[in-house]
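Asks: Residue numbers (this note's numbering), protein chains in the order written: chain D, 1 to 407; chain Z, 1001 to 1427. Even glycine gets a Cβ: it sits at the ideal position worked out from N, Cα and C. These numbers were taken from a predicted model, which means no experiment stands behind them.
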Amino acid sequence: MSHDSKREMKPVSPANAPLHGLFAEYDSPWPMVEAAKKVRDAGFERWDTYSPFPIHGIEKAMGIRMTVLPWIVLGGALVGLAFATTIQWYTNAYDYPWLVSGKPFWSVPANVPIMFELTVLFAGFTTLIAMLLLNDMPLLSHPLDLKERFGRASDDRFFLFIQASDPKFDEHATRGLLESTNALLIEEVREDRSTSPDVPKFIGYAMIVFTTAAVVPFALAAKARYTHSREPRIHAVADMDWQPKYKAQRENPFFSDDRAMRPQVQGTVAVEELRDDDHLYRGRMGSEYARTFPTQIQANEATVERGRERFGIYCTPCHGFAGEGNGMVTARADQLIASDTGKGMAWVAPTNLNQDYLRAQPVGQIFDTITNGVRNMPAYGPQISTEDRWAVVMYVRALQKRSSAAH
Amino acid sequence: MATSKEKPESSKGSLKPKANKASSASESVGDNISGTELAGGLVSKGGAVAAVGLGISVVLGMMQNDSFRRFSFSYLTAYMWALTVVLGGVFWVTLQHLVNAKWSIALRRMGELIANAAPVFGLLALPILVPVLLGHDTLYVWADHAKVEADHALHQKAGYLNPQFFLIRMVFYFGFWTLLSRYLLKQSVAQDKAGAADVSQRLQRASGPGMILFALTLTFFAIDLVMSLDPYWFSTIFGVYYFASCVLAINSTLVLAQVWLQSRGRLTKSLSDEHLHDLGKMMFAFTVFWAYIGFSQFMLIWYANIPEETAWFKERISGEWLDLSWGLVLLHFVVPFFGLLSRQVKRNRKWISFWAIWILVEIYVDMYWLIMPNLKAEEIPVSLLDVTCWIGMAGALVAAIAVSAKNVNLLPVNDPRLPRSMAFENI
């Protein structure tokens, strides 16, 4: 099986090449393990054993220390974790924030699968690559390969090889050591002078061809970006391009009202959306506007402070900080009317909230005004939460009290 | 783990299955493999601890004056914790037969004994079963007929979640686990005496269908006893989540069993650090597996954000429960992950025992996290009952395992693969 013609045609190293080392051959693992212990105890460093299958305990017999590979793998895994975290944060949360299903831009759970996968991927690649490098791989040629007998290391023989470059190596003494180990035979291995140390030329050509070929896809993409074509585009995945579904606001003749979007079934209530408290949600008690705040709204400094903050955001642009109807929008409108651009235009100033008729209004009515709007004022119900609207009402009341005290 | 070879220089390699009498089994292995004296002490001590612990729990439960509601929750938590060990044992032994594992043969008898605690836990299910059969909603709201009729969702699920079918299922679960673990132990013990190698093949053949049925029973068992505490919530991965704890529990328990038995002079020559190393690898792997499954369950629900699914997690991320949830992530995954990463730790009996205890404690915390929020308390309802129930249940577990250990070797002496298990080495 191992005596094929290929192997015989391989060039043999000339006998006058310098000595590369000595190898001993064994026909079973046990004498080789015993020999390994002897070589280990003799203090050799540059030597190795070869066997067709893993031998348990050989690493102890050879005095091999625990490998550093696990630490390298741990490093690779942590790099993968850090890389996955950084690239997801940078692309999705920092450089190009993209809102997905209302989640925060940087929401960790969605990123965990990638973190996990890249940790495993980096750890896996690191294991393979570091293992190869630690074993001096890739090794394109080794003087032992020139020995025909050595092919049996992958079949039924066991070899122990000591390099001549080992500081303890002495041709006669080392041969003596190996002879004392029940070896079948001991042979010299000469340096490999049969092949050139240069990289073969075809590898260089192949690299040029592959590099050129690698540019082609990018060149095609660039061409497509800057040229026009009358051909329709290729639909590689037709059922993704044409999906059997209706988009929002489209027509659908199937329904009598021709609308694809279906309204909610009457009486549908979403979870925690049951608003059956008229006082709280509509500011009404029976048919009248409520004159008191709902019990859910606490009259304290925190609520007024919250109201002041919301008022500052939503109301001051028109009504002004003190609610006198002189916000920035009014100031700007007056400025425009006074200038040439606004000649002939009219502007109705927003309501001054500190008027007696407004002081007399029930809190429920003010709440209703904020919720649904009045005259030019739009509805703020969809923008400000129920509790916050009541807080704004409370703050408006505070403003009114302050202005009436000032008069 | 899969590749194990006899040590060339090992004298144990010469061991051959002999057709001699069981009494000389110890001599043939050259090791102390008798568990009889130890078992007797464990049964009486464990039984006493169980009686006292559970007795005190009943008294404390009565003092709560809540018709045993708080007691039932503590009892269920401790019960599900103890069953992770037992069901882990059933799974583990079946798995070793199924894949024809060699490394674990020397540990297998311990697994068989642990699995055989199953019938005792069938009896210990009575405090959970009886209120259900009486139609009380102490634990399960679906047991109360009036409440089921008043609730549309529960009414729809009543075909499955009803006391009678629950009883039938429980009898089937424990019947099957008892039969399977009995069969595995009996055949294995018979092999000790007769030394027939075909016993191993017969057990391997039985463990295929056994494993399929085990997967189904375990899944539905976890759904019935824990998930149905909140009958509105559902998660198809729930059974696997409980299964992860089972595998963690059995490997941790086997570590503790080996270390303890060897400290009492048993199996000192048959079991080595190599076995601890392999059990440690399984503990590490299933620490990751537990986190993987737990996160898979969480992420899908979090992402889809459908109220009927998120409600269950919302309970567990509000108030003090959030601290407990973070505690689980940290102490059930991150800390043991790095703790068990090193080869040296797995081969050091003090360290690996430490992590085995750590994991068993964390499994209890996990069960607490699954079960206790259903009390609908804003704060974590820590109670003395949790401690007394756990002590009682742990005593019952030890006694139930030791009961079957009388007059049984601690090593399957005539398994033809035993020498390979005793001599195996990790690369």
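Does the distance from the C-beta atom of Z/Trp-1081 to that of Z/Ala-1118 stay below 8 Å?
Replies: If you number the second sequence from 1, residue 1081 of chain Z lands on position 81. If you number the second sequence from 1, residue 1118 of chain Z lands on position 118. No.
Asks: I want to verify the contact list: residues of chain Z whose CB lies under 8 Å from the CB of D/Ala-110, in sequence order.
Replies: As a working note, residue 110 of chain D is residue 110 in the first sequence. Those within 8 Å of D/Ala-110 in chain Z are Met-1299 and Tyr-1303.
Asks: Taking a Cβ distance cut-off of 7 Å, strictly less, list which residues of the segment 1281-1296 of chain Z are near chain D, in chain order.
Replies: Per Cβ criterion, the list reads Phe-1295.
Asks: Assign Z/Val-1130 to one of two classes, buried (16 or more other C-beta atoms within 10 Å of its C-beta) or exposed (fewer than that).
Replies: For the purposes of this step, residue 1130 of chain Z is identified with residue 130 of the second sequence, where counting begins at 1. The residue in question, Z/Val-1130, is exposed, as its Cβ has fewer than 16 Cβ neighbours within 10 Å.
Asks: Near D/Gly-320, what residues of its chain come up, given a Cβ to Cβ distance below 6 Å and the 5 sequence neighbours on each side ignored?
Replies: The residue you call residue 320 of chain D lines up with position 320 of the first sequence. Cβ within range, chain order: Asn-326 and Gly-327.
Asks: Expressed to the nearest angstrom, what Euclidean distance is found between the alpha-carbon atoms of Z/Ser-1353 and D/Leu-118?
Replies: In the second sequence, residue 1353 of chain Z corresponds to position 353, counting from 1. In the first sequence, residue 118 of chain D corresponds to position 118, counting from 1. Between Z/Ser-1353 and D/Leu-118, the C-alpha separation is close to 32 Å.
Asks: What did DSSP end up calling D/Leu-274 once you bin it into helix, strand or coil?
Replies: Stepping through the first sequence from its first residue, residue 274 of chain D is reached at position 274. Here D/Leu-274 sits in coil by DSSP.
Asks: If you drop the 5 nearest sequence neighbours on each side, which residues of the same chain put their C-beta closer than 8 Å to that of Z/Phe-1431?
Replies: Because chain Z is modelled from 1001 through 1427, residue 1431 of chain Z falls outside the range shown and cannot be assessed.
Asks: Note down, in chain order, every chain D residue with its Cβ under 8 Å from the Cβ of Z/Pro-1131.
Replies: Reading the second sequence from its first residue, position 131 is the one you call residue 1131 of chain Z. None at all; the shortest Cβ gap to chain D is about 30 Å.
Asks: Please name the residue, chosen from D/Met-377, D/Gln-243, D/Ala-290 and D/Gln-296, that lies closest to D/Val-329 on a Cα-to-Cα basis.
Replies: Counting from 1 along the first sequence, the entry for residue 329 of chain D is found at position 329. Measuring from the Cα of D/Val-329, the nearest candidate turns out to be D/Met-377.
Asks: Drop a sphere of 10 angstroms on the beta-carbon of D/Thr-341, count the other beta-carbons inside from all chains shown, and report buried for 16 or more, exposed for fewer.
Replies: Here residue 341 of chain D corresponds to residue number 341 of the first sequence, with the count starting at 1. Looking at its Cβ environment, which holds fewer than 16 other Cβ atoms inside 10 Å, D/Thr-341 is exposed.
Asks: Put D/His-20 into one of helix, strand or coil per three-state DSSP.
Replies: On the first sequence, residue 20 of chain D is found 20 positions in, with the first residue counted as 1. Strand.
Asks: Using a cut-off of 9 Å between C-beta atoms, extract the partners of D/Val-271 located in chain Z.
Replies: Taking the first sequence and counting its residues from 1, the one referred to as residue 271 of chain D is at position 271. Neighbours of D/Val-271 on chain Z, chain order: Pro-1307, Glu-1308 and Ala-1311.
Asks: Please report the straight-line C-alpha distance between D/Leu-78 and Z/Glu-1308, rounded to a whole angstrom.
Replies: Translated into positions along the first sequence, residue 78 of chain D becomes position 78. Translated into positions along the second sequence, residue 1308 of chain Z becomes position 308. Each residue's Cα considered, the two are about 37 Å apart.
Asks: Would you kindly report the start and end of the unbroken beta strand (DSSP E) that includes D/Trp-47?
Replies: Indexing the first sequence from 1 puts residue 47 of chain D at position 47. Its beta strand (DSSP E) spans residues 47-50.
Asks: Kindly say whether D/His-56, judged by its beta-carbon, lies nearer than 8 Å to any beta-carbon of chain Z.
Replies: Locating residue 56 of chain D in the first sequence gives position 56, counting from the first residue. Closer than 8 Å to some Cβ of chain Z, the Cβ of D/His-56 qualifies, so yes.
Asks: To the nearest angstrom, report how far apart D/Asp-44 and D/Phe-169 are at their CA atoms.
Replies: Counting from one through the first sequence, the residue named residue 44 of chain D turns up at place 44. Counting from one through the first sequence, the residue named residue 169 of chain D turns up at place 169. The question names Asp, yet the displayed sequence has Phe at residue 44 of chain D. Taking the straight line joining both Cα atoms gives about 8 Å.
Asks: Does chain D have any CB closer than 8 Å to the CB of Z/Glu-1149?
Replies: Reading the second sequence from its first residue, position 149 is the one you call residue 1149 of chain Z. Not an interface residue.
Asks: Quick check on Z/Leu-1378 - is its C-beta less than 8 Å from some C-beta in chain D?
Replies: Taking the second sequence and counting its residues from 1, one reaches residue 1378 of chain Z at position 378. One point to set straight first is that residue 1378 of chain Z is Glu, not Leu, in the sequence displayed. Cβ-Cβ to chain D under 8 Å: no for Z/Glu-1378.
Asks: Could you tell me the alpha carbon to alpha carbon distance between D/Lys-147 and D/Lys-223, rounded to whole angstroms?
Replies: Residue numbering aside, residue 147 of chain D sits at position 147 when the first sequence is read from its first letter. Residue numbering aside, residue 223 of chain D sits at position 223 when the first sequence is read from its first letter. For D/Lys-147 and D/Lys-223, the distance between alpha carbons rounds to 55 Å.
Asks: Taking the alpha carbon of D/Val-393 as the point to measure from, which residue in D/Phe-161, D/Tyr-205 and D/Arg-306 has its own alpha carbon closest?
Replies: One-based indexing of the first sequence puts residue 393 of chain D at position 393. Measuring from the Cα of D/Val-393, the nearest candidate turns out to be D/Arg-306.
Asks: On the CB-based measure, 16 or more other CB atoms within 10 Å of its CB, does D/Trp-98 come out buried or exposed?
Replies: In the first sequence, counting from the first residue as 1, residue 98 of chain D sits at position 98. D/Trp-98 should be labelled exposed.
Asks: Give me the Cα-Cα distance between Z/His-1277 and Z/Phe-1284, rounded to the nearest whole angstrom.
Replies: Position 277 of the second sequence holds residue 1277 of chain Z. Position 284 of the second sequence holds residue 1284 of chain Z. Looking at the two C-alpha atoms, the distance is approximately 10 Å.
Asks: So what does DSSP say about Z/Ile-1401, is it helix, strand or coil?
Replies: Position 401 of the second sequence, counted from the start, is the residue given in the question as residue 1401 of chain Z. Three-state DSSP puts Z/Ile-1401 in a helix.
Asks: Quick check on D/Gln-88: does DSSP put it in helix, strand or coil?
Replies: Locating residue 88 of chain D in the first sequence gives position 88, where the first residue counts as 1. Looking at D/Gln-88 - three-state DSSP - the assignment turns out to be helix.
Asks: Might you give, ordered along the chain, the residues of its own chain that have their beta carbon closer than 6 Å to the beta carbon of D/Asp-198, omitting 5 neighbours on each side?
Replies: Translated into the one-based positions of the first sequence, residue 198 of chain D becomes position 198. Correct list: empty, nothing qualifies.
Asks: Anything in chain D within Cβ reach of Z/Glu-1425, meaning under 9 Å, just list it in chain order.
Replies: The residue you call residue 1425 of chain Z lines up with position 425 of the second sequence. Under the 9 Å cutoff, chain D gives His-56 and Gly-57.
Asks: If you drop the 5 nearest sequence neighbours on each side, which residues of the same chain put their C-beta closer than 8 Å to that of Z/Ser-1296?
Replies: By one-based count along the second sequence, residue 1296 of chain Z stands at place 296. Excluding sequence neighbours, Z/Ser-1296 sits near Ile-1237.
Asks: Could you check where the alpha helix (DSSP H) with Z/Leu-1322 kicks off and where it finishes?
Replies: Indexing the second sequence from 1 puts residue 1322 of chain Z at position 322. Per DSSP, Z/Leu-1322 belongs to the alpha helix (DSSP H) from 1320-1328.
Asks: Would Z/Ala-1402 and Z/Leu-1042 be called neighbours here (beta carbons separated by less than 8 Å)?
Replies: What you label residue 1402 of chain Z is simply residue 402 of the second sequence in a count that begins at 1. What you label residue 1042 of chain Z is simply residue 42 of the second sequence in a count that begins at 1. Yes; because the gap between Cβ atoms is below 8 Å, this pair is in contact.
Asks: So the alpha helix (DSSP H) Z/Leu-1254 belongs to, where does it begin and stop?
Replies: For this step, residue 1254 of chain Z is matched to residue 254 along the second sequence. Note, Z/Leu-1254: alpha helix (DSSP H), 1238-1263.
Asks: Exposed or buried, which one is Z/Lys-1021 when buried takes at least 16 other CB atoms within 10 Å?
Replies: Start at 1 with the first residue of the second sequence, and residue 1021 of chain Z comes out as number 21. Confidence is the limiting factor: at Z/Lys-1021 the pLDDT is only 42, short of 50, which leaves the residue's position unreliable and the question unanswerable from this model.
Asks: Once you ignore the five residues that flank Z/Ser-1024 on each side, which residues in its own chain have a CB closer than 7 Å to its CB?
Replies: Taking the first residue of the second sequence as position 1, residue 1024 of chain Z is located at position 24. Reliability fails at Z/Ser-1024, whose pLDDT of 48 lies under 50, so the model's placement of it is uncertain and the value that follows must be treated cautiously. No residues qualify anywhere along the chain.
Asks: Between the alpha carbons of D/Asp-156 and D/Tyr-26, how many angstroms are there, rounded?
Replies: Locating residue 156 of chain D in the first sequence gives position 156, counting from the first residue. Locating residue 26 of chain D in the first sequence gives position 26, counting from the first residue. Cα-Cα distance, rounded: 9 Å.
Asks: Could you please give the first and the last residue of the uninterrupted beta strand (DSSP E) stretch that includes D/Glu-187?
Replies: Here residue 187 of chain D is taken as the residue at index 187 of the first sequence, counted from 1. Where D/Glu-187 is concerned, the enclosing beta strand (DSSP E) stretches over 185-190.
Asks: Comparing alpha-carbon positions, which option in Z/Trp-1233, Z/Arg-1349 and Z/Gly-1061 lies nearest Z/Leu-1161?
Replies: Looking up residue 1161 of chain Z in the second sequence gives position 161. Ranking the options by Cα distance to Z/Leu-1161, first place goes to Z/Trp-1233.
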